[in-house]
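Quick mapping for you: the protein sequence lines, in order, are chains A and B.
The first sequence runs contiguously to residue 80 in my numbering.
The second sequence runs contiguously to residue 160 in my numbering.
Cβ atoms here follow ideal geometry from the backbone N, Cα and C, with glycine treated the same way.
Worksheet for the structure shown next.
2 protein chains.
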Amino acid sequence: MRVKVFISPRKGILDPQGRAVEQSLHTLGFESVANVKVGKYITLEVAAKSAADAREQAQRMCERLLANPNIEDFAFEVSE
Amino acid sequence: MRVKVFISPRKGILDPQGRAVEQSLHTLGFESVANVKVGKYITLEVAAKSAADAREQAQRMCERLLANPNIEDFAFEVSE
């Protein structure tokens, strides 16, 4: 199964990379851009008996390694 | 409009962060995990006349700043 994980800095947490990207976009002429957040996009393959099994593994991977629960939110998608 | 950008190391490009995550997942017991790639997940808001306008702006942002065309692939989604 293929898993896509989306990790974002939690609302209210300082995101200096997002601030830097936002300022650069303004400088390039994209003046209306706001609320830029820079997180991580992780893709992987995992052996699983079912989509539910893959989702359960993905949830545990996020909780145990991929995301920092103190400052990041995560979501994921599972596909064949 | 809200834009989500997904940036991944291109196939064949060395991804040391992905290798490190993959090894850590194996160590944690997720032994079947393979092909881990670590990229960037960027979310932002942009003023746009239409979804097509937002997509056109997002394409240009990726080409001009967000993605490195030499080593990364990008995709994006636009929503209200």
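- Straight-line measurement puts the Cα of A:Gln59 at about 28 angstroms from the Cα of B:Gly92.
- When only Cα atoms are considered, A:Glu72 and B:Ala132 end up about 31 angstroms apart.
- Contact between the region 41-49 of chain A and the region 99-112 of chain B is present: three or more C-beta pairs spanning the two stretches fall below 8 angstroms.
- The C-beta of B:Thr123 comes closer than 7 angstroms to at least one C-beta of chain A.
- Along the region 32-59 of chain A, going in chain order, the ones with a CB nearer than 9 angstroms to a CB of chain B are Ser32, Val33, Ala34, Asn35, Val36, Lys37, Val38, Gly39, Lys40, Tyr41, Ile42, Thr43, Leu44, Glu45, Val46, Ala47, Ala48, Gln57.
- Straight through space, the alpha carbons of B:Lys117 and B:Gln103 are spaced by roughly 12 angstroms.
- Buried is the label assigned to B:Ala134, since at least 16 other Cβ atoms lie within 10 Å of its Cβ.
- Taking 7 angstroms as the threshold, the shortest C-beta distance from A:Met61 to chain B falls below it.
- A:Glu56 and A:Ala75 have their C-alpha atoms spaced approximately 12 angstroms apart.
- As summarised for the region 97-132 of chain B, the continuous beta strand (DSSP E) elements at least 3 residues long and confined to that stretch are 114-125, given in chain order.
- When only Cα atoms are considered, A:Lys40 and A:His26 end up about 22 angstroms apart.
- Close partners of A:Arg64 in chain B (Cβ separation under 7 angstroms): Leu108.
- Bridge pairing for A:Lys11: absent [DSSP].
- The beta-bridge partner set that DSSP reports for B:Ala147 is empty.
- Residue environment for A:Ser79: exposed (fewer than 16 other C-beta atoms within 10 angstroms of its C-beta).
- Put simply, the CB of A:Phe6 is near chain B, with a gap under 7 angstroms to one of its CB atoms.
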